[in-house]
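For the sequence shown, this note's numbering gives the first residue as -4, with consecutive numbering after it.
Note that CB positions come from ideal geometry on N, CA and C, so glycine has one too.
In this text the structure is predicted, and so the values were computed from the model without any measurement.
Just below is one structure, and these are the notes that go with it.
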Amino acid sequence: FTLTNQDEKPTRWDDFKGRYRIVYFGYSYCPDVCPLDLQHIMQGFAKFEKASPALAAKVQPMFISVDPKRDTPAVLKTYVAAFHPRLIGLTGTSDQISKVAKDFVVIYNDEGKPGASDYLVSHSRTPYLFGPDGKPIALVPVDDPATDGTDEGGPDAVLAFLQKWVK
């Protein structure tokens, strides 16, 4: 794919050849699921970065919007910055997003009435890890519960997942 990043620059899937990629589809106006998932993913990634900086440098986290009407590069720039400095936000035209979603087997549906600016977008919430060759490896476990009784299950599960797969 070629999409537009939060700095309004074209960004291609092939720009990340040789790197692992964490890919999450969602939208910045999502009231609850997307911010919580991204928080778990990026907190787990930050822990991984601290524990294994050289390995973490091989990973590119990205957020692909399924709401291109509202998620402009400027909106995404503010949104992704709230989670982690290395997280990139990607958007594009409705046709580009539709194709990327289809290629990644992501289902989404804009529930707004034509012309409405306040609406929800239902979407599958599946964070993927892709290998340096661009092929899928596994699903990132954002929902795994904590094993120590804390509410840190999400980030800790992501950390353990990255430690297992990123070499």
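- Ser112 and Arg65 have their C-alpha atoms spaced approximately 8 Å apart.
- Scanning the segment 29 to 98 for uninterrupted alpha helix (DSSP H) segments of 4 residues or longer gives 48 to 51, 68 to 76 and 89 to 98, listed from N- to C-terminal end.
- Cβ-Cβ separation between Tyr15 and Phe125: approximately 7 Å, consistent with a contact (criterion under 8 Å).
- Judged by pairs of C-beta atoms under 8 Å, the segment 70 to 84 touches the segment 19 to 36, as three or more such pairs exist.
- Contact annotation, Thr(-1) with Thr86: C-beta distance approximately 6 Å; criterion of less than 8 Å satisfied.
- Within the same chain, Tyr22 and Val116 come within 6 Å of Asp62 by CB-CB distance, once the 5 residues on both sides are set aside.
- Minimum Cα-Cα distance from Trp8 among the listed residues Gly129, Pro136, Val28 and Ala46 corresponds to Gly129.
- The C-beta distance from Phe78 to Leu33 rounds to 5 Å, short enough to meet the 8 Å contact threshold.
- By the 16-neighbour rule on beta-carbons within 10 angstroms, Pro150 is buried.
- Lys42 sits buried, since 16 or more C-beta atoms from the chains shown fall within 10 Å of its C-beta.
- For Ala133, DSSP records a beta bridge to Leu124.
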